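Heads up: the sequence shown is residues 1 to 104, going by full-length UniProt numbering.
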Amino acid sequence: MFFFTFDTGEDSKVRNTFWAYGTSRKLYEHYGDVISFDTTYEINRYNLKFAPFVCINGHGDNLLFAGVVLSDETIPTFRWLFSIFLTCTGGKHQNLSLLIRMQQ
1 MFFFTFDTGE DSKVRNTFWA YGTSRKLYEH YGDVISFDTT YEINRYNLKF APFVCINGHG
61 DNLLFAGVVL SDETIPTFRW LFSIFLTCTG GKHQNLSLLI RMQQ
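Written out as structure tokens, the structure reads:
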């Protein structure tokens, strides 16, 4: 089942969004042991960051698990994000998670 949620600021404008397709969520059940999360992609016009969650299947192929658009890279934003991630995955914790964060 498709999963989508968003976060709004005090001004009621959307700040962050998270989505994952149903097929991706099903694949995560089988191949969610190693996850890559990368916030280096920028959407310059709106000064937002696109961050994909990618897992690797048994054949070594990259699979997009979820996509996120973030307004900033602050601790409260990442708390929101990983709370939503756990909700989306049904609370499944990883054996190994890779958090890749590049400073510009």
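In this text, a Cβ means the ideal position worked out from N, Cα and C, and glycines have one as well.
Model, not experiment: these values are computed from the prediction.
Exposure of V14, with buried meaning 16 or more beta-carbon neighbours within 10 Å:
exposed
For V69, verify whether its CB is less than 7 Å away from any heavy atom of the ligand FAD.
The ligand content of the structure shown is nil, which means the ligand FAD is not present either.
When the Cα atoms are used, what is the spatial distance from F18 to F50?
10 Å
When burial is assigned at 16 or more other CB atoms within 10 Å of the CB, is Y28 buried or exposed?
buried
Under the three-state DSSP convention, the category K26 falls into:
helix
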